[in-house]
Amino acid sequence: MSLKGGGPMERVIYHCDCNSFYCSVELLSHPELRDVPAAVCGDPTSRHGIILAKNEPAKKCGVRTAETIWQARKKCPELVLLPAHRRLYAEYSKKVNAIYDRFTDLIEPFGIDESWLDVTGSLHLFGGDARALADRIRNTVREELGLTISVGVSFNKVFAKLGSDYKKPDATTVITEENYRRVVWPLPVTDLLYVGRAAAGVLARYGVATIGDLASFDRFALIELLGKQGGQLWSYANGLDGSPVAPAGTYTPPKSVGNGETFPRNLTRRDEVARGVAMLADQVAVRLRRHGMMAATLQVTIRDPAFKDICRQRPLDAPTNTARELTRAAMDILARSWKSGAPIRAITLTAHNLIPEGEAAEQLNLFQSAAPQRRARVETLERTMDAIRAKYGREAVTVAALAPPPEPEGEDGVPF
70 MSLKGGGPME
80 RVIYHCDCNS
90 FYCSVELLSH
100 PELRDVPAAV
110 CGDPTSRHGI
120 ILAKNEPAKK
130 CGVRTAETIW
140 QARKKCPELV
150 LLPAHRRLYA
160 EYSKKVNAIY
170 DRFTDLIEPF
180 GIDESWLDVT
190 GSLHLFGGDA
200 RALADRIRNT
210 VREELGLTIS
220 VGVSFNKVFA
230 KLGSDYKKPD
240 ATTVITEENY
250 RRVVWPLPVT
260 DLLYVGRAAA
270 GVLARYGVAT
280 IGDLASFDRF
290 ALIELLGKQG
300 GQLWSYANGL
310 DGSPVAPAGT
320 YTPPKSVGNG
330 ETFPRNLTRR
340 DEVARGVAML
350 ADQVAVRLRR
360 HGMMAATLQV
370 TIRDPAFKDI
380 CRQRPLDAPT
390 NTARELTRAA
400 MDILARSWKS
410 GAPIRAITLT
420 AHNLIPEGEA
430 AEQLNLFQSA
440 APQRRARVET
450 LERTMDAIRA
460 KYGREAVTVA
470 ALAPPPEPEG
480 EDGVPF
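If you read the sequence shown in my numbering, its first letter stands for residue 70, the second for the next number, and so on.
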């Protein structure tokens, strides 16, 4: 196994990324729009109206994914907006992965438009040249489906993902053990997989701006700053990712579980905020129980009408997967970070530092002896709700905080 001009590799991993996937699928039915700025968006009449995907002409006008429609049209008044057809995207996702399946059976989807492929064991069947095979896959997708993909080729998953992002559209980028310092290290640290906004903010305070800065940072200092994640990110930056490509259907525990909501109108009252938090906590708790995980840390992100975010997190008193405890923790975080009455456009709750339920034993002191029994009762209640919803639908039962509120009569009494 070798990369042409790159020497032998122990593993050959591809990351295949469909270029402007939603928009590319839509333009198959609208070829007349290929050379004009076009974008797929949410409902233009709602506050959820954001850009989901854009074509190359729109990209050149500065249109960005996830910005609001009005922001995009301010940059590009001639922008053509197309409605989203999610079932169609799912169909094309299956078609693309079916093409990948001709070249390897080790395929791990990463969202609807991205997949990792491990071709280590099959590369010799197609000539043994990793770059040539990547180009062959790109050409096959283009010729059969009319879509373009970018492919990153490397010796691990993280660098393969960087490769597919490195040059777009319709390109192959090879990152080897010999060239990764030259190719990867000058990139912004935010390009590295799993470096989110919060981690990037911490790293920036210590002068870490590039992946190379992260690679040369003291590993133990990173663990002090970011916990276990810090050591993992240091390994990624130094090319030490050994995670396998997990074929579709293989269960991989999530690293975090989160839900966010942009509200139909800004929230200003404490009872409104509490209801929004309770709804999100319920959704996060259901997903945690579905995965058999418990959260040791909770993060709360609030966004104001000017799109400014405040992000705070704290360790939980004990690992949990119940909506009640997540709600309580989130409200405590908000009490310390949100000025009562300030308008909130959106809230996101994210559970971090996940622990399998069987490993989440709690160390209790004498004054906490009743806590496990209370938690067990709450968990039993919420699992019963899960079962009812599974049988009769999501709306069959809800937590008390989400029941329709009575007519307001003075102070709402929600503790902050």
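Glycine included, each C-beta is placed from N, C-alpha and C at the ideal position.
According to DSSP, residue pairing for residue 185 in a beta bridge involves 84, 177. For residue 369, the enclosing beta strand (DSSP E) has its first and last residue at 362–372.
For residue 305, the closest C-alpha among the options 159, 108, 284 is that of 284. Its chain contains 383 as the residues whose beta carbon lies nearer than 8 Å to that of residue 401, once the 5 sequence neighbours on both sides are disregarded; these appear in chain order. Secondary structure note for residue 130: it is in no beta strand (DSSP E), with a DSSP letter that is neither H nor E. Here residue 453 is exposed: its Cβ has fewer than 16 other Cβ atoms, across all protein chains shown, within 10 Å. Under the three-state reduction of DSSP output, residue 391 falls in the coil class, being neither helix nor strand.
Ranking 136, 274, 279, 324 by CA distance to the CA of residue 298 puts 324 first. Between the segment 356–369 and the segment 416–427 there are three or more C-beta pairs closer than 8 Å, enough to call the two in contact. The beta carbons of residue 127 and residue 153 sit no closer together than 9 Å. A straight-line Cα-Cα distance of about 42 Å links residue 213 and residue 354. Contact between the segment 267–279 and the segment 228–248 is absent: fewer than three C-beta pairs spanning the two stretches fall below 8 Å.
Distance from the Cα of residue 186 is smallest, within the candidate group 220, 141, 210, for 220. Taking C-beta atoms under 8 Å as the contact rule, residue 337 and residue 412 qualify, at a distance of about 5 Å. The Cβ atoms of residue 258 and residue 282 lie closer than 9 Å to each other.
Judged by DSSP secondary structure, residue 424 falls within the beta strand (DSSP E) whose first and last residues are 413–425. Secondary structure of residue 220 (DSSP, three-state): strand. The DSSP-derived three-state label of residue 124 is coil. Around the C-beta of residue 414, 16 or more other C-beta atoms lie within 10 Å, and the residue is accordingly described as buried. Listed as beta-bridge partners of residue 108 by DSSP are 123, 150.
Between residue 395 and residue 343, the C-beta spacing is not below 9 Å. Within the segment 221–296, the runs of alpha helix (DSSP H) at least 4 residues long that lie entirely inside it are, in chain order, 226–235, 249–252, 266–274, 280–285, 288–295. Classified as buried, residue 230 has 16 or more neighbouring CB atoms from the shown chains inside 10 Å of its CB. Residue pairing by DSSP puts residue 329 in a beta bridge opposite 417. As computed with DSSP, residue 140 is found in no beta bridge at all.
Residue pairing of residue 92 in beta bridges, as defined by DSSP: absent, with no partner found. Contact between the segment 300–314 and the segment 326–341 is absent, with fewer than three C-beta pairs closer than 8 Å. In the structure shown, residue 214 adopts helical secondary structure according to DSSP, grouped into three states.
Boundaries cannot be given for residue 79, as no alpha helix (DSSP H) includes it and DSSP labels it neither H nor E. The segment 330–354 is shown to contain no whole alpha helix (DSSP H) run of 4 or more residues.
Each of 151, 85, 129 was checked against the Cα of residue 102, and the nearest Cα belongs to 151.
With respect to residue 165, residue 148 sits apart: the two C-beta atoms are not nearer than 9 Å. Note: residue 381 is bridge-paired with 369 in the DSSP secondary-structure output. Pairing residue 381 with residue 409 gives a Cβ-Cβ distance that is not under 9 Å. Rounded to whole angstroms, the separation of the alpha carbons of residue 289 and residue 275 is 14 Å.
Less than 9 Å separates the beta-carbon of residue 122 from that of residue 93.
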